[in-house]
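Start counting the sequence shown at -9; every next residue gets the next number (our numbering). Report on the following structure.
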Amino acid sequence: MNYCESPHQKTLVLSHSEIIISMRYNLIKCSCGFSFGSTKSQNNYCTKCGSTSNLKYIETFDNADQLSRAISFANIPDEISHELISKIKQKESKVQTNRTNNDNILGGLSILKKATDKEGNLTKSSLDKFLSEEGLDNSSSEYLIGQAEVQGLLIRINENTWNWLS
Ligand SMILES: [Zn+2]
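The structure is reproduced here in C-alpha cells:
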C-alpha cells in the first residue's frame, strides 16, 4: 500500500493542519491552586497534583509565549507577589529620595554657576572664595564639583579648572 498517494494520507494531512489552526493555548487552574497550560480542550490533568477534575479554564491565548508568561504570573505565590509589591513601593520611595537629592544638587549647581567666570571656567579657588563670601564655608567645593562631574555637567580641563558641558 502506497500511503503517499492514498486519499487517506491527504485526509490526515488536512486534519493535522486543522489541528494547528484550531490550536489554543489554554491557561488552566486546578483546585489545588496550581495553574498550568494546555493546548488540549479536554483530558487535561494538573501537572502538580495530577487531578483531572476541578480544572477551571481561565483564559485562552494565541501563542505559547503569552501562555507561558500567564502561567508564571499565575503561579507566583501570594507571599512573593506581596514581596514584589513592597519592593516596587520601596523603589518608588527611593525615586522620591533621589528627587530630594537632586534638589540639593541643583542648589549646589546654582552656586557652581555663580562661581563660574565669564569665560565659562569654574575654578576650585573661585568656588572656595564664593562659598566663604556666601558664608557657606561648610560646603565642600570638592564635593559640589564632584557631584556636577558625576552628573556629566562639568568636565575637568586642568588641575584647578572645570568647564560646563551643559
Ligand atoms: Zn492540582
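Built from N, CA and C at the ideal position, the CB exists for glycine as well.
Element boundaries [beta strand (DSSP E), containing residue i]
i          : result
residue 26 : 25 to 28
Residue i CB to nearest heavy atom of ligand 1 below 7 Å
i          : result
residue 51 : no
residue 63 : no
residue 46 : no
residue 38 : yes
residue 28 : no
residue 31 : no
residue 41 : yes
Contact under 8 Å by Cβ, residue i with residue j
i           : j           : result
residue 37  : residue 15  : no
residue 150 : residue 115 : yes
residue 26  : residue 48  : no
residue 44  : residue 21  : yes
Candidates the options: closest to residue i by CA position
i           : options               : result
residue 111 : 80, 135 and 130       : 135
residue 159 : 154, 140, 108 and 101 : Because the chain in this structure spans residues -9 to 156, residue 159 falls outside the shown range and cannot be described.
residue 55  : 32, 33, 17 and 82     : 17
residue 46  : 33, 120 and 109       : 33
Residue range of the alpha helix (DSSP H) that includes residue i
i           : result
residue 135 : 131 to 140
residue 59  : 54 to 64
C-alpha distance - residue i paired with residue j, whole-angstrom precision
i           : j           : result
residue 66  : residue 23  : 11 Å
residue 113 : residue 105 : 8 Å
residue 143 : residue 127 : 23 Å
residue 59  : residue 98  : 46 Å
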